[in-house]
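I have placed the structure first, in the form of structure tokens, so that the comments after it can refer back to it.
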Amino acid sequence: MTIQEQYDLLEKTVRGYNPAADFAQIRAAFEFAYKAHDGQKRKSGEPYIIHPLAVAQIVAEELKLDSESIEAALLHDVIEDTPATHEDVAKLFSPTIADLVEGVSKLTRIQYATKEDEQMENLRKMLIAMSKDIRVILIKISDRLHNMRTMEYQSPAKQKQKSLETMEIYAPISHRLGMQRIKWELEDLSLKYLDPIGYEEIVSKLDEKRQEYEDFMQRTQIQIDDRLNELGIQHIVYGRMKHPYSIYRKMFNQNKSLDEIFDLFAFRVVVENVGDCYNVLGVIHDIYKPILGRFKDYIGTPKPNGYQSLHTTVMGTDGIPFEVQIRTREMHEVAEYGVAAHWKYKQNGQGSGTEGRYEWVRRLLENQEGADAEDYIHSLKVDMFADEVFVFTPNGDVQNLPAGATPIDFAYAIHSAVGNRMVGAKVNNRIVTLDHVLKNGDIVEIMTSKNAKGPSRDWMKIAKSSEARSKIRQWFKKEKKDENIANGRAAFEAELKHCGIPMRDVISQENLPGLLKKVAYASLDDMYAAIGYGGFSAQKAVSRMLGELQRIAKQHQQEKQLLDAAEVKPAEEPRPNAPKKVKSEQGIIVEGLDNCLVKFSKCCTPVPGDDIVGFITRGYGVSVHRADCPNASLEKRTQPGQEGRWLKVSWGSDTNDSYPTTLEVICKDRQGLLLDLSAALSTTNTFVLGINSRSTEDQFAMFRIEVRIRDSAQLRSLMNKLNQISGVLKVTRPAG
Ligand code: MN
715 MTIQEQYDLL EKTVRGYNPA ADFAQIRAAF EFAYKAHDGQ KRKSGEPYII HPLAVAQIVA
775 EELKLDSESI EAALLHDVIE DTPATHEDVA KLFSPTIADL VEGVSKLTRI QYATKEDEQM
835 ENLRKMLIAM SKDIRVILIK ISDRLHNMRT MEYQSPAKQK QKSLETMEIY APISHRLGMQ
895 RIKWELEDLS LKYLDPIGYE EIVSKLDEKR QEYEDFMQRT QIQIDDRLNE LGIQHIVYGR
955 MKHPYSIYRK MFNQNKSLDE IFDLFAFRVV VENVGDCYNV LGVIHDIYKP ILGRFKDYIG
1015 TPKPNGYQSL HTTVMGTDGI PFEVQIRTRE MHEVAEYGVA AHWKYKQNGQ GSGTEGRYEW
1075 VRRLLENQEG ADAEDYIHSL KVDMFADEVF VFTPNGDVQN LPAGATPIDF AYAIHSAVGN
1135 RMVGAKVNNR IVTLDHVLKN GDIVEIMTSK NAKGPSRDWM KIAKSSEARS KIRQWFKKEK
1195 KDENIANGRA AFEAELKHCG IPMRDVISQE NLPGLLKKVA YASLDDMYAA IGYGGFSAQK
1255 AVSRMLGELQ RIAKQHQQEK QLLDAAEVKP AEEPRPNAPK KVKSEQGIIV EGLDNCLVKF
1315 SKCCTPVPGD DIVGFITRGY GVSVHRADCP NASLEKRTQP GQEGRWLKVS WGSDTNDSYP
1375 TTLEVICKDR QGLLLDLSAA LSTTNTFVLG INSRSTEDQF AMFRIEVRIR DSAQLRSLMN
1435 KLNQISGVLK VTRPAG
């Protein structure tokens, strides 16, 4: 075919599905590319223009894309391989077309080396993220398909390398974009170079049996065709064999021979409407015996990528099983051309403007949730990776970073030692500043030095990834402890001053332990260090301490109030009762003071009727003791510095219903003693809070009984009662 003939075929193909295409522009693109590539030859010796023409032919024939795509396909190598520039293409054609061409060129420039799975996945994502316009990747795949079709002219090394790349990158992307036919062809072509022997074996076996298989397929096709015609169902039926690579995989994975592969043959029936799909299914099951468990209704439940069809496997007349796929014409196009088919439908409708044009992509993606990870077409969404950026290390590894990432993020993603020794960075071989924002496909190189001073604190603000920030923080934490403490202390003191809190309040022996607990640090230096390296902030420290400081201040104030009000003279006896009646707190009148906090001491548990005295505690109001409690003894009351704290308290008329108190009962142990004690408590209607008992070696027992009691009179009568029990030696109220 001459070049002219090939171009005419292209126009004819485009006209076939898109009569409204801009043929003047398509021709202009062809002529521009022709001139630009003039003198260049392919490895086959043919003029270079053959290649862009063939790529455009694939874009038209296989994918049925729009005029812009055809033009871009024709021009796809001019920016990369000829003096033509982006501006030239933008001016002569359109900025969009120039961007498409530039996009394809960028993908071409991506280095590739075979890596572990995760790296491959990142590389695929990077290609799609870089494509921005989905047409870029579609043209790139077409480009790759033509290169694979003509791979025979390349060196064996290049054949292997390109085939591997195709198998690992382009075939999976084609699959995700739903372009099954292209995917199969890419896989078969790759297999041919990756495992020539395996490929030959399958192809030659298929060739050997070709006659037999073809007879079988023809017979079967006629049977189906005839029956459907009889029934007047409009249809197209054709058979196909599994393609070599999928046979290869099955044979390998399942260790089977060619004859053992179940679904070597598949027939496809394409009908006009969904109703006919189910009619045809009935007919097929009538002619052939269906194999149980092999029927799948992807019309009722489409696959995540939008694929729809009825699948069934039946036993043919010769005992050869085969699969039948039944679908409508529209389902068929979607299945065969995937994304490109959706596109075409949109294009034929009124969908215009990029927004509307990509609507289907979005819809398609929305259906992906819960899809098989292998099948996830998420990767197709043009802005799917908007919050990620994919860059290369100098040796071709893909590093995945958050969008907006800088060389600092990159360095720390490689290793913290690289980050800590970084003195500069190169992007695509040019030195950049450390806040340079990385773009998809950039090759990033970090310059390090053993004499590097380490990260600067500003890096923390420049870094986008929390990983980098935390590694920088780690460094400061470890390397600069003294400096951190000094910086942290300065920041903390400034903040304290700002809040009007004197430093002595913080470091006072009395306050410090409580304050450190509030900020959860073991010492002030630890806290300073944390503030210094940025793991904690002075603001947070002060605001957390503030509450505790305020509590302490309030306590001090209350204490002072109590002391002032009590105005206790150094005295042997608490002051005589003031004439004024005061309101009681929990039944206790504290002389001269309203509303002060009152608590009953645990040591002597006073009850109404007991002689009592009060003690002004540090921070907990007035503690009430029995006057005979050792803790309230005369010596205690007159201890230097303490005398001012003792004050007279008395029982008010509005005591509580009951007060907790404790009794100790010492007895000669005997059987049934506890029972008798319990009986005594019960008959006196005593509310018991708890009984503890302890036996001594010499057959004595001590019971500690906690009760609630109204007053000392009730308590005395209970004590009498207990005293009367046989074996009880002594009933006392413990104190001190
Ligand atoms: Mn090319």
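For what it's worth, my numbering labels the leading residue of the sequence shown as 715, then goes sequentially.
C-beta: ideal position from N, C-alpha, C; glycine also.
Subject >> Euclidean distance between Cα positions of Ser-869 and Gln-875 >> reply: Against the sequence shown, residue 869 aligns to sequence position 155. Against the sequence shown, residue 875 aligns to sequence position 161. Computed Cα separation, rounded: 10 Å.
Subject >> Buried or exposed by the 16-neighbour rule on C-beta atoms within 10 Å, applied to Asn-1134 >> reply: Translated into positions along the sequence shown, residue 1134 becomes position 420. Residue burial annotation: Asn-1134 is buried, with at least 16 other C-beta atoms found within 10 angstroms of its C-beta.
Subject >> Spatial distance of Leu-1496 from Gly-817 (CA atoms) >> reply: Only positions 715 to 1450 of the chain appear in the structure, and residue 1496 is not among them; the question remains open.
Subject >> Whole-angstrom distance between His-1270 and Val-1445, CA atom to CA atom >> reply: Translated into positions along the sequence shown, residue 1445 becomes position 731. Translated into positions along the sequence shown, residue 1270 becomes position 556. Answer to the nearest angstrom: the Cα atoms are 41 Å apart.
**OP:** Answer yes or no: do Val-1336 and Leu-1277 have a C-beta to C-beta separation smaller than 8 Å?
**Re:** As a working mapping, residue 1336 is identified with position 622 in the sequence shown. As a working mapping, residue 1277 is identified with position 563 in the sequence shown. No, the Cβ-Cβ distance between Val-1336 and Leu-1277 is not below 8 Å.
**OP:** List the endpoints of the continuous alpha helix (DSSP H) containing Ile-1001.
**Re:** Taking the sequence shown and counting its residues from 1, one reaches residue 1001 at position 287. Element bounds for Ile-1001: 988 to 1001.
Subject >> Alpha carbon of Leu-1361 to alpha carbon of Asn-1370, nearest angstrom >> reply: Taking the sequence shown and counting its residues from 1, the one referred to as residue 1361 is at position 647. Taking the sequence shown and counting its residues from 1, the one referred to as residue 1370 is at position 656. About 22 Å.
Original post:
Quick check: the segment 780 to 800 against the segment 878 to 894, are there 3 or more CB pairs under 8 Å?
Top reply: Taking a cut-off of 8 Å for Cβ pairs, the segment 780 to 800 and the segment 878 to 894 do not touch, as fewer than three such pairs fall below it.
**OP:** Below 8 Å on the Cβ atoms is my guess for Met-862 versus Ser-918; work out the distance and round it to an integer in Å.
**Re:** As a working mapping, residue 862 is identified with position 148 in the sequence shown. As a working mapping, residue 918 is identified with position 204 in the sequence shown. With 8 Å as the limit, Met-862 and Ser-918 do not qualify as a contact, their Cβ atoms being about 21 Å apart.
Original post:
For His-790, is the beta carbon positioned less than 7 Å from some heavy atom of the ligand MN?
Top reply: Sequence index remark: in the sequence shown, residue 790 carries index 76 (1-based). Answer for His-790: yes, Cβ within range of the ligand MN.
**OP:** Return the residue from the list Cys-1381, Ser-1315, His-790 and Val-1112 that minimises the CA-CA distance to Ile-851.
**Re:** Start at 1 with the first residue of the sequence shown, and residue 851 comes out as number 137. For the set Cys-1381, Ser-1315, His-790 and Val-1112, the Cα lying nearest the Cα of Ile-851 is the one of His-790.
Original post:
Who are the Cβ neighbours of Cys-1213 in its own chain at under 7 Å, not counting the five residues just before and after it?
Top reply: Translated into the one-based positions of the sequence shown, residue 1213 becomes position 499. Contacts found: Val-1256 and Leu-1260.
Original post:
What's the gap between the Cα of His-1025 and the Cα of Ile-1034?
Top reply: What you label residue 1025 is simply residue 311 of the sequence shown in a count that begins at 1. What you label residue 1034 is simply residue 320 of the sequence shown in a count that begins at 1. C-alpha separation (whole angstroms): 17 Å.
Subject >> Coil, strand or helix - Thr-822 by DSSP >> reply: By one-based count along the sequence shown, residue 822 stands at place 108. Note: Thr-822 maps to helix in three-state DSSP.
**OP:** For Thr-799, collect the residues of the same chain with a Cβ closer than 7 Å to its Cβ; drop the 5 residues on either side in sequence, then sort them by chain order.
**Re:** By one-based count along the sequence shown, residue 799 stands at place 85. Residues Ile-793 of the same chain have their beta carbon placed closer than 7 Å to that of Thr-799, with the five preceding and five following residues left out of the count.
Original post:
Under a three-way DSSP split, which group does Gln-873 fall into?
Top reply: Here residue 873 corresponds to residue number 159 of the sequence shown, with the count starting at 1. Correct three-state label for Gln-873: helix.
Original post:
Unbroken alpha helix (DSSP H) runs of length 4 or more, entirely within the segment 884 to 939: which are they?
Top reply: Runs of the alpha helix (DSSP H) inside the segment 884 to 939: 885 to 890, 894 to 908 and 910 to 922.
Subject >> Start and end residues, beta strand (DSSP E) containing Ala-1415 >> reply: Within the sequence shown, the letter at position 701 stands for residue 1415. From DSSP, the beta strand (DSSP E) with Ala-1415 extends over 1414 to 1423.
Subject >> Close beta carbons around Lys-854, own chain, < 6 Å, minus the five adjacent residues each side >> reply: If you number the sequence shown from 1, residue 854 lands on position 140. Within the same chain, Lys-854 has close Cβ partners Val-818 and Leu-821.
**OP:** Kindly identify the DSSP beta-bridge partner or partners of Phe-979.
**Re:** As a first step, residue 979 is located in the sequence shown; it is residue number 265 there, counting from the start. For Phe-979, which the question treats as bridged, DSSP gives the partners Met-955.
**OP:** Using a Cβ-Cβ cut-off of 8 Å, state whether Asn-1370 counts as contacting chain D.
**Re:** This model lacks chain D altogether, as it is built from one protein chain only.
**OP:** Spatial neighbours of Arg-895 within its chain, please: CB distance less than 6 Å, with the 5 preceding and 5 following residues excluded, ordered by chain position.
**Re:** In the sequence shown, the residue the question calls residue 895 occupies position 181. Non-local beta-carbon contacts of Arg-895 in its own chain, meaning distances under 6 Å to residues more than five positions away in sequence, involve Glu-1050 in chain order.
**OP:** Look at the alpha carbon of Lys-906 and the alpha carbon of Phe-737, and state the distance between them as a whole number of angstroms.
**Re:** On the sequence shown, residue 906 is found 192 positions in, with the first residue counted as 1. On the sequence shown, residue 737 is found 23 positions in, with the first residue counted as 1. Taking the straight line joining both Cα atoms gives about 37 Å.
**OP:** Evaluate Pro-1322 with the Cβ neighbour count: other Cβ atoms within 10 Å of its Cβ, from every protein chain shown; 16 or more gives buried, anything less gives exposed.
**Re:** As a first step, residue 1322 must be located in the sequence shown, where it is residue number 608. That one is buried.
**OP:** For Tyr-1373, name the three-state secondary structure that DSSP assigns.
**Re:** Within the sequence shown, residue 1373 is the residue found at index 659, counting from 1. Annotated three-state conformation of Tyr-1373 is strand, per DSSP.
Original post:
Under 8 Å, do Asp-1149 and Phe-1106 count as touching if we go by C-beta distance?
Top reply: Residue mapping note: residue 1149 aligns to position 435 of the sequence shown, counting from 1. Residue mapping note: residue 1106 aligns to position 392 of the sequence shown, counting from 1. Taking 8 Å as the Cβ cut-off, Asp-1149 and Phe-1106 do not qualify as a contacting pair.
Original post:
Under a three-way DSSP split, which group does Arg-1144 fall into?
Top reply: Reading the sequence shown from its first residue, position 430 is the one you call residue 1144. Under the three-state reduction of DSSP, Arg-1144 is assigned to strand.
**OP:** Determine the burial state of Glu-801: buried for a count of at least 16 other Cβ atoms within 10 Å of its Cβ, exposed for fewer.
**Re:** Within the sequence shown, numbered from 1, the residue matching residue 801 stands at position 87. It is exposed - the Cβ of Glu-801 has fewer than 16 other Cβ atoms within 10 Å.
Original post:
So what's Gln-739 in DSSP terms, helix, strand or just coil?
Top reply: Along the sequence shown, one-based indexing puts residue 739 at 25. Assigned with DSSP and collapsed to three states, Gln-739 falls in helix.
Subject >> Neighbour-count burial assignment, Pro-1227, 16 or more Cβ in a 10 Å radius >> reply: Position 513 of the sequence shown, counted from the first residue, corresponds to residue 1227. For Pro-1227, the number of other beta carbons within 10 angstroms of its own is below 16, and it is reported as exposed.
Original post:
Quick one: does the C-beta of Val-773 sit closer than 7 Å to a heavy atom of the ligand MN?
Top reply: Here residue 773 corresponds to residue number 59 of the sequence shown, with the count starting at 1. False, no ligand heavy atom lies under 7 Å from that Cβ.
Subject >> Proximity test, Val-769 beta-carbon vs the ligand MN heavy atom, cut-off 7 Å >> reply: By one-based count along the sequence shown, residue 769 stands at place 55. At least one heavy atom of the ligand MN falls within 7 Å of the beta-carbon of Val-769.
**OP:** Give the straight-line distance between the Cα atoms of Lys-1194 and Lys-1185, rounded to the nearest whole angstrom.
**Re:** Along the sequence shown, one-based indexing puts residue 1194 at 480. Along the sequence shown, one-based indexing puts residue 1185 at 471. If you draw a straight line from the Cα of Lys-1194 to the Cα of Lys-1185, it is about 14 Å long.
**OP:** Rounded to whole angstroms, what's the CA-CA distance from Arg-930 to Gln-833? Just pull it up for me.
**Re:** In the sequence shown, the residue the question calls residue 930 occupies position 216. In the sequence shown, the residue the question calls residue 833 occupies position 119. As written in the sequence, residue 930 is Phe, which differs from the Arg given in the question. Those two C-alpha atoms are separated by around 45 Å.
Subject >> Residues sharing a beta bridge with Leu-1361, DSSP >> reply: Along the sequence shown, one-based indexing puts residue 1361 at 647. Bridge partners of Leu-1361 according to DSSP: Gly-1328.
Original post:
Which of the three DSSP states, helix, strand or coil, is assigned to Ser-783?
Top reply: Position 69 of the sequence shown holds residue 783. Of the three classes helix, strand and coil, the one that applies to Ser-783 here is helix, per DSSP.
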